[in-house]
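K.L.:
I have a structure here, written as structure tokens, and I will follow up with some questions on it.
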Amino acid sequence: METLCTRVERVARDAPARLALIDGERRVDYAGFWRQARRFAAHLRDRGLQTGDRVAIILPNRIEAAVACYGAWLAGGVVVPLNAQARLRDFLPWLQHCGARHVVHESAHRDTVDAVAQLPSIAATTVLEDGRALVDDAVDEPLPAALLPEASDLAVILYTSGTTGAPKGVMLTHANLLANAQAIVDYLALDASDRVLSVLPFYYAYGASVLHTHLISGGCVVLGPGLMFPHLVLDAIEQAEATGFSGVPSTFALLLEPLAQRERPLASLRYLTQAGGAMSPALTGQLRERLPTPRLYVMYGQTEATSRISWLPPERLDDKLGSVGIPVAGVQWRIQREDGSAAAPGESGEVCVRGPNVMAGYWNNPEATAQVLREGWLHTGDLGHLDADGFLFLQGRRSDMIKTGAHRVHPTDVEEVIAELPVVREVAVVGVDDEVMGQVIRAFVVAAGELPPRAEDRIKAHCRARLAPYKIPRQVTFVDTLPRTASGKVRRFQLMEQTATP
């Protein structure tokens, strides 16, 4: 059975000179990429790596991060990509929990160095110096045969950043990865002519899927700049003549203003994809207004489902605005009531899915696995309903539900209304404790420019005109940024802990 490795190997054999990755001034073709991956696999085996050993990769997006991933697979290893921006207090529990035997990191990353020093279980490391590759690609010696993994083998352990502060290691097989990647390739119609500008980190399921889908298609992945300077991202799309760009809602919110100031359209773009949290209909409309030509794919996924669960065909954006669409190929879903029965169309319940993308479970955590994998179904913890046509509309996380008085409020109901205001760039709504009501609603707002007079009153008045009285925020707090996970999702629990007065 095929895997990502067999698919990339085929591209390297059939089109060796085609560009695989571009990283600033550096670039590597498919033949070079595959050769480097095989050399790194040989390096790992020389250092004692055994089949099934975990290889922790702690690298920012760079060519070597992709080489390390595929090389570890060719050595029989299990890849554990970790957030390169994390600190010692994060690395220690991650590395201990997965039992990493080999760690790949940059020499200047002091927190990784300190973590490795404290964990005698780590047998070896590969340390990248500035400007150096993982292995010497110029060495002219025969390479040992690659250990192409089996589809059923464990491929990756992804630590979900989560929104509760309690990360878990999601186990994904090679079959999971290929099934989900191929489903995405199919609906995006990716081929060798595609060139994506990648700003999403590879250690995040969405960023990894962008990498793998383009590599198995024979396309090119251009590593883009960070989002600290959004205009540079737009420049990079133009300079790379990128056909695709992927982001989370906050990515596109940051790009709206520089897009409005841009005279020339980004003519090369064929498609945009959005996942990593719900994008409000207001932001969807603004993005389409700024970039009317590329096809916009609104998507929904979870790390526990490899990456992608559903997609909304771009031609249905208008009549299904607010929906996350239909299941990707091979995936089934149902909306489940609290008693376990199937909900009727239009009735809210928990989204449950099954298919070849669903994880094998949580690493060394059978209790947590049993909670979410039941009778072949992944219980996502997300609330939503299906319309009469079978399109999914999400209503937030079960754990995010706000209980105010006798009412239950989904944060997204309030967020979508507040996001309609031009003064609002981003918004997150949470419930805060109240002696009388149990909880009251507080909205945290990032302004899109200078605040007008009485901005809080305007927001509340807008809500009063569009929402039931119990959904109107009691408090509105203006903040510079919203706390987010590595995948771009708002950390609501962190907002609930904030004690700043409105």
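Numbering (my numbering), first residue to last: 3 to 504.
Note that beta-carbon positions come from the ideal geometry of N, C-alpha and C, so glycine has one too.
Bear in mind the structure is a predicted one, so any value in this text is a computation, not a measurement.
#1: Between the C-alpha atoms of ILE420 and GLY378, what's the straight-line distance to the nearest angstrom?
#2: Which same chain residues end up closer than 7 Å to PRO146 when comparing Cβ atoms and leaving out the 5 residues on each side of it in sequence?
#3: Using the three-state DSSP reduction, which class does ASP321 fall into: helix, strand or coil?
#4: Using 8 Å as the Cβ pair cut-off and three pairs as the minimum, do the segment 296-304 and the segment 322-337 touch?
#5: Are PRO151 and THR5 closer than 8 Å when you measure CB to CB?
#6: Ordered along the chain, which non-local residues of its own chain (more than five positions away) have a Cβ less than 7 Å from that of SER312?
#7: Since TYR299 is in the beta strand (DSSP E), which residue starts that stretch and which ends it?
#8: For GLY348, is the classification buried or exposed, using 16 other Cβ atoms within 10 angstroms of its Cβ as the cut-off for buried?
#9: In or out: GLY392 buried (at least 16 other Cβ within 10 Å) or exposed?
#10: ALA19: buried (16+ other C-beta within 10 angstroms of its C-beta) or exposed?
#11: Is PRO329 helix, strand or coil when you go by DSSP?
#12: Just to confirm the assignment, what range does the beta strand (DSSP E) spanning PHE480 have?
#13: How about SER154 and ALA181: are their beta carbons less than 8 Å apart?
#14: To which residues does DSSP link PHE247 through a beta bridge?
#15: Can you look up PHE42 in the DSSP assignment and give me helix, strand or coil?
#16: Give the secondary structure of ASP193 by DSSP, where H, G and I count as helix, E and B as strand, and everything else as coil.
#17: Can you give me the start and stop residues for the beta strand (DSSP E) that LEU21 sits inside?
#18: Looking at the structure shown, is LEU225 part of a helix, part of a strand, or coil, going by DSSP?
#19: Under the three-state reduction of DSSP, which class applies to ARG444: helix, strand or coil?
#20: Run through the segment 361-386 for me and flag every whole alpha helix (DSSP H) of 4 or more residues, listed as ranges in chain order.
#21: Are the beta-carbon atoms of ALA307 and VAL360 separated by less than 8 Å?
#22: Under 8 Å, do LEU190 and TYR273 count as touching if we go by C-beta distance?
#23: Report the three-state DSSP secondary structure of MET173 (helix, strand or coil).
#24: Rounding to the nearest angstrom, what Cα-Cα distance links ALA194 and HIS409 in this structure?
#25: Mind checking which residues open and close the beta strand (DSSP E) that includes GLU349?
#26: Tell me where the beta strand (DSSP E) around ALA14 begins and ends.
#27: List the whole-angstrom C-beta distance separating VAL224 from ILE24, where the pair is believed to meet the contact cut-off of C-beta under 8 Å.
#28: Give me the DSSP bridge partner(s) of TYR161.
#29: Quick one: what's got a C-beta closer than 6 Å to VAL13's C-beta in the same chain, skipping five residues either side?
#30: Check whether the Cβ atoms of SER200 and ASN85 sit closer than 8 Å, and answer yes or no.
#31: Along the chain, where does the alpha helix (DSSP H) containing ARG460 start, and where does it finish?
#32: Ignore the nearest five residues each way along the sequence and tell me which others in THR175's own chain have a CB closer than 8 Å to its CB.
#33: Can you list, in chain order, the residues of its chain whose CB lies under 6 Å from that of ALA344, leaving out five sequence neighbours each side?
#34: Is it true that the segment 117-134 meets the segment 241-260, where meeting means three or more beta-carbon pairs spaced less than 8 Å apart?
#35: Note the first and the last residue of the continuous beta strand (DSSP E) segment covering LEU396.
#36: Starting from GLY209, follow the alpha helix (DSSP H) in both directions and report where the run begins and ends.
P.N.:
On the basis of the supplied data:
#1: Here residue 420 refers to the residue found at position 418 when the sequence shown is read from its first residue. Here residue 378 refers to the residue found at position 376 when the sequence shown is read from its first residue. When rounded, the separation of the alpha-carbon atoms in ILE420 and GLY378 is 38 Å.
#2: As a first step, residue 146 must be located in the sequence shown, where it is residue number 144. The beta carbon of PRO146 lies closer than 7 Å to those of ALA44 in the same chain, with the five residues before and after it left out.
#3: For this step, residue 321 is matched to residue 319 along the sequence shown. If DSSP states are grouped into helix, strand and coil, ASP321 belongs with coil.
#4: Yes, they touch.
#5: For the purposes of this step, residue 151 is taken as the residue at position 149 of the sequence shown. For the purposes of this step, residue 5 is taken as the residue at position 3 of the sequence shown. The answer is yes: Cβ separation under 8 Å.
#6: If you number the sequence shown from 1, residue 312 lands on position 310. Scanning its chain for C-beta atoms nearer than 7 Å, with the 5 sequence neighbours on each side dropped, one finds around SER312 the residues MET301, TYR302, VAL326, GLY327, ILE328, PRO329, VAL330, LEU394, in chain order.
#7: Translated into the one-based positions of the sequence shown, residue 299 becomes position 297. Looking at the DSSP string, the run of the beta strand (DSSP E) that includes TYR299 is 297-302.
#8: If you number the sequence shown from 1, residue 348 lands on position 346. By the neighbour-count criterion, in which a residue is buried when 16 or more other Cβ atoms sit within 10 angstroms of its Cβ, GLY348 is exposed.
#9: Translated into positions along the sequence shown, residue 392 becomes position 390. Exposed is the label assigned to GLY392, since fewer than 16 other Cβ atoms lie within 10 Å of its Cβ.
#10: Residue numbering aside, residue 19 sits at position 17 when the sequence shown is read from its first letter. Its Cβ having fewer than 16 others within 10 Å, ALA19 is exposed.
#11: Position 327 of the sequence shown, counted from the start, is the residue given in the question as residue 329. It is a strand residue.
#12: Mapped onto the sequence shown, residue 480 falls at position 478. Bounds of the beta strand (DSSP E) holding PHE480 are 477-480.
#13: What you label residue 154 is simply residue 152 of the sequence shown in a count that begins at 1. What you label residue 181 is simply residue 179 of the sequence shown in a count that begins at 1. At least 8 Å separates the beta-carbon of SER154 from that of ALA181.
#14: Start at 1 with the first residue of the sequence shown, and residue 247 comes out as number 245. Partner(s): LEU199, LEU274.
#15: Taking the first residue of the sequence shown as 1, we reach residue 42 at position 40. When DSSP states are grouped into helix, strand and coil, PHE42 belongs to the helix group.
#16: Taking the first residue of the sequence shown as position 1, residue 193 is located at position 191. ASP193: coil per DSSP, three-state reduction.
#17: Taking the sequence shown and counting its residues from 1, one reaches residue 21 at position 19. From DSSP, the beta strand (DSSP E) with LEU21 extends over 21-25.
#18: Locating residue 225 in the sequence shown gives position 223, where the first residue counts as 1. Note: LEU225 maps to strand in three-state DSSP.
#19: Here residue 444 refers to the residue found at position 442 when the sequence shown is read from its first residue. Correct three-state label for ARG444: strand.
#20: Counting whole runs of 4 or more residues, the segment 361-386 contains the alpha helix (DSSP H) stretches 368-374.
#21: Numbered from its first residue, the sequence shown carries residue 307 at position 305. Numbered from its first residue, the sequence shown carries residue 360 at position 358. For ALA307 and VAL360, yes; Cβs fall inside 8 Å.
#22: Sequence index remark: in the sequence shown, residue 190 carries index 188 (1-based). Sequence index remark: in the sequence shown, residue 273 carries index 271 (1-based). Contact flag set, yes.
#23: Along the sequence shown, one-based indexing puts residue 173 at 171. In the structure shown, MET173 sits in a strand (DSSP, three-state: E or B).
#24: Taking the sequence shown and counting its residues from 1, one reaches residue 194 at position 192. Taking the sequence shown and counting its residues from 1, one reaches residue 409 at position 407. Rounded to the nearest angstrom, the gap between the Cα atoms of ALA194 and HIS409 is 52 Å.
#25: Position 347 of the sequence shown, counted from the first residue, corresponds to residue 349. GLU349 -> no beta strand (DSSP E), and no H or E assigned at all.
#26: Within the sequence shown, residue 14 is the residue found at index 12, counting from 1. Where ALA14 is concerned, there is no enclosing beta strand (DSSP E), although the alpha helix (DSSP H) it sits in stretches over 6-16.
#27: One-based indexing of the sequence shown puts residue 224 at position 222. One-based indexing of the sequence shown puts residue 24 at position 22. Right, the Cβ-Cβ distance comes to about 5 Å (below 8 Å), so this counts as a contact.
#28: Counted from its first residue, the sequence shown places residue 161 at position 159. For TYR161, which the question treats as bridged, DSSP gives the partners GLY171.
#29: Counting from one through the sequence shown, the residue named residue 13 turns up at place 11. Counting only Cβ-Cβ distances below 6 Å, and skipping sequence neighbours, we find TYR32, GLY220.
#30: Counted from its first residue, the sequence shown places residue 200 at position 198. Counted from its first residue, the sequence shown places residue 85 at position 83. Not closer than 8 Å, so no.
#31: As a first step, residue 460 must be located in the sequence shown, where it is residue number 458. Run containing ARG460: 457-468, per the alpha helix (DSSP H) assignment.
#32: By 1-based counting over the sequence shown, the position of residue 175 is 173. If we look at THR175 and ignore the five residues flanking it on each side, its Cβ neighbours are ALA153, SER154, ASP155, LEU156, ALA157, ALA362.
#33: Within the sequence shown, the letter at position 342 stands for residue 344. Closer than 6 Å at the Cβ level, and outside the excluded window around ALA344, lie ARG336.
#34: Cβ pair count under 8 Å is below three, so no.
#35: Within the sequence shown, numbered from 1, the residue matching residue 396 stands at position 394. First-last of the beta strand (DSSP E) with LEU396: 394-399.
#36: Sequence index remark: in the sequence shown, residue 209 carries index 207 (1-based). First-last of the alpha helix (DSSP H) with GLY209: 207-218.
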